[in-house]
C-alpha cells in the first residue's frame, strides 16, 4: 500500500520493520520437521510489512531483517537459504495491495513461479497434491488481487477480508519457497539423517495419536500414494501440520494487519502534508 510520501519516513519505517524482525526472531520459534531450523514468529510480520511499505521497500526491509537475524548466532547454512522466504512474502503482499494496476499480476506471478518450480522438481512427481493450498492461494490472488487495495482502504468486514486474503497468499508464498529450499538442500546442506529422523518422528506421532498416515487419507480420497521413505511421502505426512500452521499464521497476521492499517491511517496519513497538486486544487 505504501502510503508514505516522505522518503525519510519510508526509510525510517523500513528500518523499524527490519529491527522488529530481528527482535522477534530472538523468540524460541517452532521446530521445523526434518530441517535443522525453526519456524520463526517473524512469519506473521511479512504480510504486514508488504502492506505498509509496498513491494520494493517491503522486500528490502524483510530481506535485511532476516539477514541480520541470521548473522546473530546460532546460524546454519540452511538458515541462510531461507532468508529470502520472508522477503518474497512481503514482495507479494506489497504487489497485491500496492498502487500499481498490474500489481496483482506481478504478485500472482511470483507465487505461480514457485509452484511451477515444485512441479519440475523430483518431489513434485512424488507429491503432486501437496501444493493444493498454495494453488488455492494463487486462485485467490488471481481472482481478488485487483480488489485487495480497495478492501484495505475500506473498513469493517472489507478490511478484514482484504487483510486475510493478503496474509494467506503471502504466508503460502513463504511456505513454498521454504519447501523448495529444503528440497534443494537435502543431502547437500541438510544431512539425510535429518530426513530419516523426521520420518521416524512422524511414525511415532501416528502411533501415539492415531492421526491417519498419508497412505490412509490419500487412499480414502482416491489419490495416488507415494512410496514410504521418500521425500514426497514426508511432505504428504506433514501436510495436515502445514495446513494448521499456515492457517494460524494467516489469522495472527490478519489481526496485526487490521490493527496496523487502522493505526497508520489515523496517525500518518492525516499528518502528512498534501501534495502540490492537491494544494493547487484547493486554491482554485
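Residue numbers (this note's numbering): 96 to 379.
Every residue, glycine too, gets a C-beta built ideally from N, C-alpha and C.
Query: Give every residue of the same chain whose Cβ lies closer than 6 Å to the Cβ of residue 229, excluding the five residues on either side of it in the sequence, and list them in chain order.; Result: 210, 267, 271
Query: Within the 7 Å Cβ cut-off, does residue 360 reach chain B?; Result: In summary, chain B is missing from the structure at hand, where a single protein chain is found.
Query: For the putative contact between residue 150 and residue 189, defined by C-beta atoms under 8 Å, what is the C-beta separation to the nearest angstrom?; Result: 3 Å
Query: Give a yes or no on whether the C-beta atoms belonging to residue 115 and residue 212 are separated by under 7 Å.; Result: no
Query: Decide if residue 353 is buried, meaning its Cβ has at least 16 other Cβ atoms within 10 Å, or exposed.; Result: buried
Query: Taking the beta carbon of residue 118 as the centre, do at least 16 other beta carbons fall within 10 Å, making it buried, or is it exposed?; Result: exposed
Query: So residue 247 and residue 257 are in contact, right, with Cβ under 8 Å, and what is the actual spacing, rounded?; Result: 4 Å
Query: With DSSP collapsed to three states, give me the class of residue 230.; Result: helix
Query: Cα-Cα, which of 263, 120, 345 is closest to residue 164?; Result: 120
Query: Comparing alpha-carbon positions, which option in 231, 245, 215 lies nearest residue 196?; Result: 245
Query: Considering Cα atoms alone, identify which of 174, 160, 191 is closest to residue 145.; Result: 191
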